[in-house]
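Protein chains in written order, with numbering that gives the first Met the number 0: chain A, 0 to 233; chain B, 0 to 596; chain C, 0 to 138; chain D, 0 to 127.
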Amino acid sequence: MQVTLKIFRYNPETDKKPHYETYKVEAEPTDRVLDLLEKVKGEQDGTLTFRRSCAHGVCGSDAMRINGMNRLACKVLVKDLGTDHITIEPLLGLPTVKDLVVDMEPFFEHYRSVKPFFINNDPPPQKERLQSPEERARFDDTTKCILCAACTTSCPSFWLDGQYVGPAAIVNAHRFIFDSRDQGAEERLKILADQFGVFRCHTIFNCTLACPREIQITKAIGEVRKAIATGRLD
Amino acid sequence: MKTHQYDVVVVGAGGAGLMAALYASRRARTAVISKLYPTRSHTGAAQGGIGAALGNMEEDHPEWHTYDTVKGSDYLGDQDAIEFMCYQAPEIVYELEHMGLPFSRTPEGLIAQRPFGGHTNNVTGKPVRRACYAADRTGHMILQTLYQQGIKHGLTFFDEFQMLDLIMVNGRAAGVVALEIATGEIHIFHAKAVILATGGWGRVWEITSNAFTLSGDGAAIVLRKGLPLQDMEFYQFHPTGIYKLGILITEGVRGEGGVLINDKGERFMDRYAPTVKDLASRDVVSRAIYIEIREGRGINGQRYVYLDVRPETVNKYAALDGRTRPDGSPYVVTAEELLAKLPDIIDFCRTYLGIDPVTEPIPVQPTAHYAMGGIPTNIKAEVLADEKGTVVPGLYAAGETACVSVHGANRLGTNSLLDIVVFGKQAGIHAAEYAQGADFEPLPADAADFARSQLEAIRNSKGNERIADIAAEMKRVMMDHVGVFRTEEGMQQALEKIRELKARFKHLHIDDRGKIFNTELLTAWELSNLLDLAEVTTVSALARKESRGAHSREDYPKRDDQNWLKHTLAWMRENGQIELRYKPVVITKYQPKERVY
Amino acid sequence: MKPRKVPTPGWNFEYLMWLFTRISGAAMLLLALIGFVGALIMGARYHMDLGTLMRWTFFPNPNHVLNSDIPDIAPWANAYWQIMQLLLVFFGATHGFNGLRLVLEEYIHSWGWQLALRLVLMILWLITLGAGFFLVLTS
Amino acid sequence: MTLPRRVPLGAALRYRGGGPMWAWILHRISGLGMILFIAGHVLAGFGIQQLGGDWAIWYNTIYESLYFQLFIYFCVIFHAVNGARIIILDTWPALIKFQREFIWLEWAIVLPVYALTAWIMIQRSLGG
Ligand SMILES: Cc1cc2nc3c(=O)[nH]c(=O)nc-3n(C[C@H](O)[C@H](O)[C@H](O)COP(=O)(O)OP(=O)(O)OC[C@H]3O[C@@H](n4cnc5c(N)ncnc54)[C@H](O)[C@@H]3O)c2cc1C
Ligand code: HEM
Ligand code: SF4
Ligand code: F3S
Ligand code: FES
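In structure tokens, the structure reads:
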């Protein structure tokens, strides 16, 4: 089948303003949108710029807006879109560097701000620290995050004010706050109770709908908020 | 052009690079440069597990792990290195756990382990549960955990900086030249020690489990610096990649009881590996699938077989095999259990195939997966300059790009994640130690010239050859002739083709001549690396007239220890000629014998 | 292993306002329900139009429902309904002005302006509260 | 050199969020609508009663118009029901797995109630 791609283009070296360009490519219904982008770049227009690496949804490089919604280009098949007109645009809320490439620095800055690392100052035992399968399951969902930024850049709260730490940072804080081996919950919850923390979330759910790893982000945020409100982890 | 100075520069931020950086930064000023944001490294794609004889599920010993690895390597692995790695394994897995890695757990709260191909109880010969796992996201968890530690300890990262060249002064490593992708600016990183951890090069082949970005940059750069690459003919094809896409279906699926089925509905591994069957080592299973396909028993005559992990199939064959749970009860799985243990695999199948593996079998074919060969190093991760073991001062390599060699002719599943953390750590420790006792070599004035000229040549090239076309032709010919099965004739053909492609590469058609985020330029540069590596692989493979591990020649089907129990070293000389030399395998305890599973 | 520590819910402004928004929201729902039922019991179905019913629901004040044809509204002006009104005014104004602050702060990113905004809203809030209380208590 | 990160309103509205995104937008509009209405109303009431200002009467006539009343009723009903939904989800995050159902339920309450209200109001206003 033939597919029409309408792609957001912006080259800072030559363009004052962004514009859209249209390409027609031959595609199988089972092609990934990433395959189509590669095809355009390889056969029609080598200047088209986007990030990609793993090509199967585990590295988080190629989050972009596909038909108006944040997706991983490598995880959407043409047939999933149900149309042969595909519009591809960069993520919202992060500065666009070129075409579909956005500056990820503000995103990672927020990520780093919530202490997304294991904190336990007790001397470790000889072998592993024990953890029951139930305790492990408590935070399993949020360990899946690949830092693709699809969630944070789909959140209207973040669009309005880029100082909001955003769902991805909260997800990564949640992963440690609810890890029975970790002792840093107090510090993290203090950070997240701040003006730009969890209370900026208005339960809009765009993040949850966008997450390619199907993490229950809004739920995780709710659990963090609840921990702040009740002073308990359960 | 900007110049930076660090004691140690680590190139690559996968498992190996991050582990090296964590250790180096304890004693030396360290910078990590990576062409991808660290968490996008391909270590994150690893699924099944990391091997360590913890014995959490049943009796196990590092010694058994050592023997299995030696045997798996088809006796080409260096036994001192293998022993070192396998004895380090439990300690390093505990270290990862202490860093917060969320392993799956046993009911007692210990790290959970599952069986994997080639890992056995040395007494009974039955599979042993040695792969420590975190669902089917073990690599993801390792990568995330190490990156988190990097943030915790304030590592200096240069993200999206692509190394283009290595600076060598007086035979010592003195730094690297890198391109800041976002600006197109060249940076020089002046260093006392350089650690290369740039990963593999599966993109040489058409069907591969590897990321677009795995183009073997580090190995190709080393080759261009006049240093050798070792055992390049040994490239692993993983038996179960998703048909056509190459996306990996972890061996863990067979570990959980999945079986391979041909068009006649036979579980054909019975015939090829009567004892461990579907859990034989990868080269054995890949060849079996190829033979089935070639003899017309692919599904509907196509180039794939089924990997069947439906609970009813699993339970049927588990009963036939007499497989039991640790408590002695018969092994029975439910769909829920599979969903919990293999969530990502099930998600891949749903997304890309539209099938549900608990109700339908998965179409699979062998997929190019892992480079056993690479930059030769010793146990301290020091890079070696020749067959005599001369060390290149200040240069270290670890991870898939290095060849210690612990994998020999065939890597066992779970041993790579182990390799990257064990030898990444060694590289970090020894590079920092070296840097403390060494001075900066003065930088030559023309340090960046070669890199710049390489880029400019591509940027200004005028021709009509498409990058994508050259890449596609290389991948196809390598898949057909330097893949699972090889012949003299086929490989000759491939070699000619690659040389032709290298000539055509000089006449590229380039659309993007800009500086900012010019990925077309970098893709072309990466292709030049792939072409060099494809050529070295083919030349090394042509010379080796035997079959061993992943190198399987139809014209020389037998292993030949008399003549070929040795490592290949390949140099690319100034005139482009490839020179091969050999060095002996280190054998300590285990004399080569025939390998049966 | 040491028990994991979680900060005790503190006197953090954002948290308190968040909590207050939920509590006041729930409280207003409750008060409105009581007002609504109350008005119906008192015969609103026969004597009031919808607008007046709503006025009673949200501001149960005899003055507020003047243009209804309820024969005698004087007995309604008791302390009970006055407390209801005071609560509603307090919750409504505080919830609403805080909401307004939240919304505006998402558009105003400089500290100085945010401070100015908070001051202005605080004053407006106090005036509204004052006016509301005055209306309740003097009618 | 890069494009700024500010998200233009048009782009934001074109984002294909789900029902909850629209619910949030309406919640915000309705909340603002109410606070402006009520603050104005209270102040105007105070003005009429105490100061007898013309501006207060002028203001009163606006919000007593049918269209404004229709708008405010929608604000009240929607904001109350949606606010209840948010409070419930915030208090019991475990219920978030039913978030789709919550949205359905919410509209199932808001629409009939509002339709009835609007119908009564229009009837009344036509009837004088
Ligand atoms: C799908 C899949 C599943 C696997 N499953 C398992 C498993 O279950 N168990 C197991 O043991 N092994 C497994 N492996 C193998 C194992 O994951 C890899 O061999 C290992 O992760 C390689 O790690 P690395 O650190 O060497 O390289 P990588 O993780 O590939 O990292 C390479 C790094 O180098 C950087 N880089 C590359 N070139 C440049 C350059 N020019 N300039 C700057 N930076 C550069 C990249 O940015 C990246 O950070 C699997 C592999 C794949 C592909
Ligand atoms: C009837 C009962 C009410 C309930 C249950 C309720 C509930 C809520 C809730 C839960 C929020 C927080 C939303 C979020 O965090 O995204 C909120 C916000 C808000 N409310 Fe109410 N509310 C009610 C009445 C009112 C009234 C009467 C007003 C006006 C005076 C009002 C004005 C606002 C405003 C302005 C906001 C901020 C909107 C935003 O941040 O987007 N609410 N309400
Ligand atoms: S939570 Fe999901 S959407 Fe957000 S960064 Fe992680 S993987 Fe991406
Ligand atoms: S979209 Fe944003 S507002 Fe909350 S629920 Fe998700 S973070
Ligand atoms: S390319 Fe890795 S997630 Fe899409």
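Backbone N, C-alpha and C define an ideal beta-carbon position, used for all residues, glycine too. Bear in mind that the values here come from a model prediction, so they are computed numbers and not experimental data.
Counting only the same chain and skipping the five closest in sequence on each side, list residues whose C-beta sits under 7 Å from that of B:F516. Close CB contacts of B:F516 within its chain, under the 7 Å cut and outside five residues either way in sequence, are with I180 and A181 (chain order).
List, from N- to C-terminal side, the beta strand (DSSP E) runs of 3 residues or more that fit wholly inside the segment 35-115 of chain A. If we require 3 residues or more, the beta strand (DSSP E) runs fully inside the segment 35-115 of chain A come out as 62-65, 68-71, 84-88 and 95-97.
List, in chain order, every chain D residue whose beta-carbon is nearer than 7 Å to that of C:G131. V41
DSSP-derived helix/strand/coil call for B:A549: coil
Just the Cα atoms here: how many angstroms apart are B:D6 and B:K191? 5 Å
Residues with C-beta closer than 7 Å to any heavy atom of ligand 3, in chain order: A:G59, A:A62, A:K143, A:C144, A:I145, A:L146, A:C147, A:A148, A:A149, A:C150, A:T151, A:P166, A:A167, A:V170, A:C206, A:A209, A:C210, A:P211, A:R212, A:I214 and A:I216
Less than 6 Å between the CB of B:I206 and some heavy atom of ligand 1, yes or no? no
Those runs of the alpha helix (DSSP H) which lie wholly inside the segment 5-65 of chain D and span at least 4 residues: 8-13, 18-45 and 53-62
Contact with chain C by A:A136, beta-carbon distance below 7 Å: no
Whole-angstrom Cβ separation of B:E386 and B:L568, contact assumed at under 8 Å? 6 Å
For the alpha helix (DSSP H) containing B:C85, list its first residue and its last residue. Unbroken alpha helix (DSSP H) run through B:C85: Q78 to H97.
Is DSSP giving B:A130 helix, strand or coil here? strand
Straight-line gap, D:Y113 to A:R174 (C-alpha atoms, nearest Å): Going by the C-alpha atoms only, they are around 42 Å apart.
Taking B:A569 as part of the beta strand (DSSP E), name the residues at either end of that continuous run. Counting along the chain, the unbroken beta strand (DSSP E) around B:A569 starts and ends at K565 to M571.
Assess, as a yes-or-no matter, whether the segment 21-38 of chain A is touched by the segment 166-181 of chain B under the definition of 3 or more beta carbon pairs within less than 8 Å. Because the criterion of three Cβ pairs below 8 Å is not met, the segment 166-181 of chain B and the segment 21-38 of chain A do not touch.
With DSSP run on the structure shown, which of helix, strand or coil describes C:M16? helix
If the cut is a Cβ gap below 9 Å, which residues of chain A does C:L18 touch? A228
If you pair each beta-carbon of the segment 26-40 of chain B with each one of the segment 423-437 of chain B, do three or more pairs fall below 8 Å? yes
Looking at the secondary structure, which residues open and close the alpha helix (DSSP H) in which C:L118 lies? For C:L118, the enclosing alpha helix (DSSP H) begins and ends at W110 to T137.
Out of B:M162, B:T239, B:H406 and B:A370, point me to the one whose CA is closest to B:Y66's CA. The candidate whose alpha carbon is nearest that of B:Y66 is B:H406.
Span separating the alpha-carbon of A:H201 from that of D:A22: 10 Å
Can you list the residues of chain C that D:L12 reaches, using a CB-CB cut of under 8 Å? The premise fails here: D:L12 is roughly 16 Å from chain C at the closest Cβ pair, so nothing lies under 8 Å.
Hey, how far is the Cα of B:M84 from the Cα of B:G198? 19 Å
Thinking C-alpha only, which one of B:V8, B:V332 and B:W200 is nearest B:A173? B:V8
For B:G412 versus B:G116, is the C-beta spacing smaller than 7 Å? yes
Suppose the cutoff is 7 Å on Cβ atoms and the five residues either side in sequence are ignored; what does the same chain contact list for A:I220 look like? P166, I169, V197 and C200
Assigned exposure category for B:D282 - 16 Cβ within 10 Å defines buried: buried
Residue environment, C:Y106, which counts as buried when at least 16 other CB atoms sit within 10 Å: exposed
Would you mind listing the alpha helix (DSSP H) stretches within the segment 433-509 of chain B that are 4+ residues and don't spill past its ends, in chain order? 448-458, 466-480 and 487-503
Where does B:Q590 sit, in a helix, a strand or coil, going by DSSP? coil
Quick check: does the Cβ of B:E179 come within less than 6 Å of any heavy atom belonging to ligand 6? Questions concerning ligand 6 fall outside what the structure shown contains, since the ligands it does hold are ligand 1, ligand 2, ligand 3, ligand 4 and ligand 5.
Within a Cβ cutoff of 7 Å, which residues of the same chain sit near B:T323, ignoring the five residues on either side of it in sequence? P329 and Y330
Should B:V252 and B:D307 be called a contact, given that it needs their Cβ atoms to be closer than 7 Å? Their beta carbons are not under 7 Å apart, which means B:V252 does not touch B:D307 by this criterion.
Any residues in the segment 210-231 of chain B with a beta carbon nearer than 8 Å to a beta carbon of chain A? Which ones, in chain order? A210, F211 and T212
Evaluate contact between the segment 93-112 of chain D and the segment 204-220 of chain A, counting only Cβ atoms and requiring at least three cross-stretch pairs below 8 Å. yes
So that I know if they touch, is there some Cβ in chain A lying closer than 7 Å to that of B:V10? It does not: the Cβ of B:V10 has no partner Cβ on chain A nearer than 7 Å.
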